[in-house]
Amino acid sequence: MDPERLAELAGLLARPTADLSDDELVHAVRLADEDRDAARERVGRLIAALYMRRRVSWPKLAELTGVPFGTAHGLARPYIQPDERA
Numbered sequence: 001m002d003p004e005r006l007a008e009l010a011g012l013l014a015r016p017t018a019d020l021s022d023d024e025l026v027h028a029v030r031l032a033d034e035d036r037d038a039a040r041e042r043v044g045r046l047i048a049a050l051y052m053r054r055r056v057s058w059p060k061l062a063e064l065t066g067v068p069f070g071t072a073h074g075l076a077r078p079y080i081q082p083d084e085r086a
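Position 61 of the sequence shown, counted from 1, bears residue number 61 in the UniProt record's numbering, the numbering being contiguous throughout.
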């Protein structure tokens, strides 16, 4: 997520929801959803890097990161080269 959009989301989240207009709430929801997608991509890339560096099992990666191994594998898979997959 773009740092400016992330800062905008943080600014909206820092305010009590009762103080936000309906339009601001809708905008905050959209920004939060955008951030969720970006966060999943970042997590996938980071897990892939760890997997390729350490070459540990998916269950071990789950233990190390706290991300369930099926989820970790699913998030990282797009960022692992085919010859690196196990």
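C-beta: ideal position from N, C-alpha, C; glycine also.
ask   = With 16 other CB atoms within 10 Å as the buried threshold, where does residue 67 fall?
value = Position 67 of the sequence shown, counting from 1, holds the residue named residue 67. It counts as buried.
- Message: For a minimum of 4 consecutive residues, which ranges assigned as the alpha helix (DSSP H) are wholly contained in the region 8-70?
- Response: 22-54 and 58-65
Legend entry - Rounded distance between the beta-carbons of residue 31 and residue 9, thought under 8 Å: Sequence index remark: in the sequence shown, residue 9 carries index 9 (1-based). Sequence index remark: in the sequence shown, residue 31 carries index 31 (1-based). Yes, residue 9 and residue 31 are in contact; Cβ-Cβ is about 4 Å, under 8 Å.
Would you mind giving the Cβ-Cβ distance between residue 20 and residue 7, rounded to the nearest angstrom? I have them listed as a contact below 8 Å.
-> To locate residue 20, count along the sequence shown from 1; it is residue 20. To locate residue 7, count along the sequence shown from 1; it is residue 7. With 8 Å as the limit, residue 20 and residue 7 do not qualify as a contact, their Cβ atoms being about 16 Å apart.
Checklist line | Beta-carbon spacing of residue 51, residue 64 below 8 Å | finding: Against the sequence shown, residue 51 aligns to sequence position 51. Against the sequence shown, residue 64 aligns to sequence position 64. Their beta carbons are not under 8 Å apart, which means residue 51 does not touch residue 64 by this criterion.
If you draw a straight line from the C-alpha of residue 5 to the C-alpha of residue 55, how long is it?
Locating residue 5 in the sequence shown gives position 5, where the first residue counts as 1. Locating residue 55 in the sequence shown gives position 55, where the first residue counts as 1. Rounded to the nearest angstrom, the two C-alpha atoms are 35 Å apart.
- If we count the other Cβ atoms within 10 Å of its Cβ and call it buried at 16 or more, is residue 13 buried or exposed? Within the sequence shown, numbered from 1, the residue matching residue 13 stands at position 13. Exposed, since its Cβ has fewer than 16 Cβ neighbours within 10 Å.
- Look at the alpha carbon of residue 49 and the alpha carbon of residue 80, and state the distance between them as a whole number of angstroms. One-based indexing of the sequence shown puts residue 49 at position 49. One-based indexing of the sequence shown puts residue 80 at position 80. Going by the C-alpha atoms only, they are around 8 Å apart.
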